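All remarks here apply to the structure that follows.
Protein chains: 2
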Amino acid sequence: MTTSRSTQSVRAVTLERPTPTAARDAIADGLEREALVTVFGRCTVDYDGRASSQLAAGDRHVMLKPDGAALVHTDEGQQPVNWQPPGCAHDVFCEPVAGEDESDEPEADGSGSGSNSGNGNDSASSSDDVSDSDTDTDTATLVLESTRSTPEERLLVRFQNVLQVSTFAGTDEGELTLSGTEADLRDRILENPDLLESGFTPLATERDTPAGAIDIYGEDDAGRTVIVELKRRRVGPDAVSQLRRYVDALERDLHADTTLRGILVAPSVTERAQRLLGEHGLEFVSLEPTDSD
Amino acid sequence: MTTSRSTQSVRAVTLERPTPTAARDAIADGLEREALVTVFGRCTVDYDGRASSQLAAGDRHVMLKPDGAALVHTDEGQQPVNWQPPGCAHDVFCEPVAGEDESDEPEADGSGSGSNSGNGNDSASSSDDVSDSDTDTDTATLVLESTRSTPEERLLVRFQNVLQVSTFAGTDEGELTLSGTEADLRDRILENPDLLESGFTPLATERDTPAGAIDIYGEDDAGRTVIVELKRRRVGPDAVSQLRRYVDALERDLHADTTLRGILVAPSVTERAQRLLGEHGLEFVSLEPTDSD
DNA sequence: TTGTGGATGTCGCCG
DNA sequence: CGGCGACGTCCACAA
Numbered sequence: 000m001t002t003s004r005s006t007q008s009v010r011a012v013t014l015e016r017p018t019p020t021a022a023r024d025a026i027a028d029g030l031e032r033e034a035l036v037t038v039f040g041r042c043t044v045d046y047d048g049r050a051s052s053q054l055a056a057g058d059r060h061v062m063l064k065p066d067g068a069a070l071v072h073t074d075e076g077q078q079p080v081n082w083q084p085p086g087c088a089h090d091v092f093c094e095p096v097a098g099e100d101e102s103d104e105p106e107a108d109g110s111g112s113g114s115n116s117g118n119g120n121d122s123a124s125s126s127d128d129v130s131d132s133d134t135d136t137d138t139a140t141l142v143l144e145s146t147r148s149t150p151e152e153r154l155l156v157r158f159q160n161v162l163q164v165s166t167f168a169g170t171d172e173g174e175l176t177l178s179g180t181e182a183d184l185r186d187r188i189l190e191n192p193d194l195l196e197s198g199f200t201p202l203a204t205e206r207d208t209p210a211g212a213i214d215i216y217g218e219d220d221a222g223r224t225v226i227v228e229l230k231r232r233r234v235g236p237d238a239v240s241q242l243r244r245y246v247d248a249l250e251r252d253l254h255a256d257t258t259l260r261g262i263l264v265a266p267s268v269t270e271r272a273q274r275l276l277g278e279h280g281l282e283f284v285s286l287e288p289t290d291s292d
Numbered sequence: 000m001t002t003s004r005s006t007q008s009v010r011a012v013t014l015e016r017p018t019p020t021a022a023r024d025a026i027a028d029g030l031e032r033e034a035l036v037t038v039f040g041r042c043t044v045d046y047d048g049r050a051s052s053q054l055a056a057g058d059r060h061v062m063l064k065p066d067g068a069a070l071v072h073t074d075e076g077q078q079p080v081n082w083q084p085p086g087c088a089h090d091v092f093c094e095p096v097a098g099e100d101e102s103d104e105p106e107a108d109g110s111g112s113g114s115n116s117g118n119g120n121d122s123a124s125s126s127d128d129v130s131d132s133d134t135d136t137d138t139a140t141l142v143l144e145s146t147r148s149t150p151e152e153r154l155l156v157r158f159q160n161v162l163q164v165s166t167f168a169g170t171d172e173g174e175l176t177l178s179g180t181e182a183d184l185r186d187r188i189l190e191n192p193d194l195l196e197s198g199f200t201p202l203a204t205e206r207d208t209p210a211g212a213i214d215i216y217g218e219d220d221a222g223r224t225v226i227v228e229l230k231r232r233r234v235g236p237d238a239v240s241q242l243r244r245y246v247d248a249l250e251r252d253l254h255a256d257t258t259l260r261g262i263l264v265a266p267s268v269t270e271r272a273q274r275l276l277g278e279h280g281l282e283f284v285s286l287e288p289t290d291s292d
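Protein chains in written order, with numbering that gives the first Met the number 0: chain U, 0 to 292; chain C, 0 to 292.
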């Protein structure tokens, strides 16, 4: 039933249809080793924290990351149906009763067999493994719990059956390079200010105002102050409001008698945004983050 | 090496350290069967679409969902390092060369051994399996490709080695119930309008204005029109701007000679937002989405 | 820790 | 399909 392969070190360990206690031990071991742990099986999920949710039983894929993140995925959607952010403490244990009792509380009695904070402090899991009672294999329920504070949040996954448990030890030094971002659009304009407007001179980026930081602050060929707000993609009313806030704030801040120019730079704008721009005397320049080859 | 268990039907199939061609066949089979497919191994990832990215080699967990979603997870972070939204067509094949050639293009020569659109139309994968050449097992590279159009996007995952391939067949009818949302906050006020302010009378929700829909539209005990914007959590300047847009739009729309009242309802506001509220004559009422027990 | 705004945001609703 | 706004948004960065 257990199948583990090792070449140099054990990189991946997989159990298929393990008993709850076997699953618990494998998962606890994986958490201990700072491995990435996955569990697939029929489960219910309960969350309580910033909001609260309950999810009826279904087959799902659960991932526990060594940084404390937890993800519950169904067979649909890009987003997990439930999750927990990095920095959480994962715990795994078996509950004696598999049934329909209503009490959500697994009784914080320290019976967790594996505890793992996002900081890698493996405290309180050195000698208490022995105290874990192997409740009846057939009736026990595997439970995953992931908690954090600030804000207080708890995720509880109860498995009715477990089809697979895997632990993966890996390394990932690979860096992600990404292009087509707002930063690329900014750099593009800084390198060639005429793309915005002939005679435009950038003076600062991230210039602070009482309302926030201006993406690009500069002046036009007539010496008028220009405030530029950048968006990497087509924008709606929110971006116009954002630009307006900056223009308003800077006008007050500088006690400007002359009107400042506000320019929204994006590939395109929606109609409503276009109208808002006009209402507030703001301008629009169409530019994409990267040169369209 | 292959370990598959079946109880009633095959629910989960797992290969450990498969050859590239074995991995390819198992994945293609999983996609065919509309299963959830996972692959763990050392890989590079390239994305091109709304933006474009390259990710150097590292150990990652890749999930292909039957609805066309693809997720590439490292051992850190709640978010995938790369992904593809639902509706994509997944493909899997082996490239003959494992090396360092620069060409990103796998040559759209129809050599894909498994193709799966999000709509479940398993076209073009009935009889072409035989034509897949089993390129040299030791030098072949497993490649996952996930593409879509509108916008045109492509994700390419190349595996230097595969530690595990799994396919999961499951069902998930479970419904998620969530509380603590903005809708809960709205209902709370509609049930007890005095929570907002003594004498408040809600008249409509989602009332349309040229600037968008107002969360709650009503009037106070003096008959003045009230525009309410709801937020489930502490808010910043963006929410104030949003409320302001609605108030402005409705004032114009109604040619209102009397000033409309705009009230932001949220658990709390940041200082900058507070100041913005004051500058624009808007009000704030502190309320949480659910009764604090 | 909190504030602020970007994101290949994703997702649902509606025109 | 595009617009629009919510989201347990997540996330990096600055104060």
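Note that the Cβ used here is the ideal one computed from N, Cα and C, for glycine as well.
Everything numeric in this text was worked out from a predicted model, so none of it was measured.
Go through its chain and collect everything with a Cβ distance to residue i's Cβ below 6 angstroms, but skip five positions before and after it.
i: D183(U); result: P288, T289
i: V246(C); result: I226, L259, G261
i: E106(U); result: Low per-residue confidence applies at E106(U): pLDDT is 47, beneath 50, and the placement is therefore not dependable enough to give any value.
i: E15(U); result: Q163
i: S291(C); result: none
i: P201(U); result: L189, P192, I215, G217
i: D108(U); result: With a pLDDT of only 43 at D108(U), under the threshold of 50, the placement of this residue in the model should not be trusted; the figure read from the coordinates follows. If we look at D108(U) and ignore the five residues flanking it on each side, it has no Cβ neighbours.
i: R10(U); result: A168
i: D220(U); result: G198
i: S130(U); result: Only weak support exists for where S130(U) lies, its pLDDT of 42 falling under 50; the coordinates are left without a value.
Can you tell me which of the options puts its alpha carbon nearest to the alpha carbon of residue i?
i: P209(C); options: R251(C), I188(C), E152(C); result: R251(C)
i: A236(C); options: L276(C), D58(C), L195(C); result: It is Pro, not Ala, that sits at residue 236(C) in the sequence shown. Of the candidates L276(C), D58(C), L195(C), the one whose C-alpha sits nearest the C-alpha of P236(C) is L276(C).
i: P95(U); options: L30(U), V61(U), T18(U); result: T18(U)
i: D74(C); options: H254(U), D58(U), L155(U), P65(U); result: P65(U)
i: H279(U); options: T140(U), S240(U), R231(U); result: S240(U)
i: D45(C); options: A68(C), L242(C), L155(C), Q78(C); result: L155(C)
i: D90(U); options: G29(U), R59(U), H60(U); result: G29(U)
i: R206(C); options: L249(C), R233(C), A238(C); result: L249(C)
i: R223(U); options: L177(U), T204(U), E196(U), R244(U); result: E196(U)
i: A34(C); options: D58(C), R59(C), A69(C), A21(C); result: A69(C)
i: S284(C); options: A265(C), D256(C), M62(C), R232(C); result: The sequence as given places Val at residue 284(C); Ser does not occur at that position. When only C-alpha atoms are compared, the closest one is A265(C).
i: V36(U); options: A21(C), E31(C), R59(C); result: R59(C)
i: K230(C); options: M62(C), F92(C), A272(C); result: A272(C)
i: R185(C); options: P150(C), R153(C), R232(C); result: R232(C)
i: T140(C); options: A212(C), F92(C), T180(C), S178(C); result: F92(C)
i: E282(U); options: L194(U), A21(U), L242(U); result: L242(U)
i: E270(C); options: D256(C), T257(C), L286(C), A238(C); result: A238(C)
Within the same chain, show all residues whose beta-carbon is closer than 7 angstroms to that of residue i, passing over the 5 residues directly before and after it, in chain order.
i: N160(C); result: G40, R41
i: A55(C); result: T43
List the residues of chain U that residue i touches, going by C-beta distances under 7 angstroms, in chain order.
i: A55(C); result: G173, E174
i: K64(C); result: D74, E75
i: A68(C); result: G76, Q77
Report the neighbours of residue i on chain C: residues whose CB is nearer than 8 angstroms to its CB, in chain order.
i: T170(U); result: G57, D58
i: G280(U); result: Within chain C, no residue comes near G280(U); the closest Cβ sits about 14 angstroms away, beyond 8 angstroms.
Let me check one thing: in DSSP terms, what residues is residue i bridge-paired to?
i: P17(C); result: Answer is none; P17(C) lacks a bridge partner.
i: P201(U); result: G217(U)
i: Q83(U); result: A69(U)
i: L177(C); result: S52(U)
i: H60(C); result: F39(C), H72(C)
i: Q163(U); result: E15(U), F39(U)
i: S285(U); result: A265(U)
i: T257(C); result: Answer is none; T257(C) lacks a bridge partner.
i: V234(U); result: V268(U)
i: I226(U); result: Y216(U), G261(U)
Chain U partners of residue i, CB-CB under 8 angstroms?
i: S240(C); result: D237, S240, Q241, R243, R244
i: F283(C); result: Here the premise fails: no neighbours, minimum Cβ distance about 17 angstroms.
i: P85(C); result: E75, G76, Q77
What in chain C is Cβ-close to residue i, meaning under 7 angstroms?
i: V9(U); result: What V9(U) touches in chain C: nothing, since even the nearest Cβ is about 10 angstroms away.
If the cut is a Cβ gap below 9 angstroms, which residues of chain C does residue i touch?
i: T13(U); result: T2, T13, E15, Q163, S165
i: R49(U); result: G179, R231, R232
i: S197(U); result: Those within 9 angstroms of S197(U) in chain C number zero; the least Cβ separation is about 29 angstroms.
Go through its chain and collect everything with a Cβ distance to residue i's Cβ below 8 angstroms, but skip five positions before and after it.
i: V80(U); result: V44, L54, R59, V71, H72, T73
i: S125(C); result: Because S125(C) sits at a pLDDT of 36, beneath the cut-off of 50, its placement in the model cannot be relied upon, and the following sentence gives the value as read from the coordinates. Counting only Cβ-Cβ distances below 8 angstroms, and skipping sequence neighbours, we find nothing.
Query raised in the report: Would you call the stretch 178–198 of chain C and the stretch 45–65 of chain C in contact, with 3 or more CB pairs under 8 angstroms?
Result: no
Report task. Would you check if the stretch 141–156 of chain C and the stretch 21–36 of chain U touch, i.e. whether three or more CB-CB distances between them fall below 8 angstroms? Result -> no
Query - Cβ pair count under 8 angstroms reaching 3, the stretch 83–94 of chain U against the stretch 169–177 of chain U - result: no
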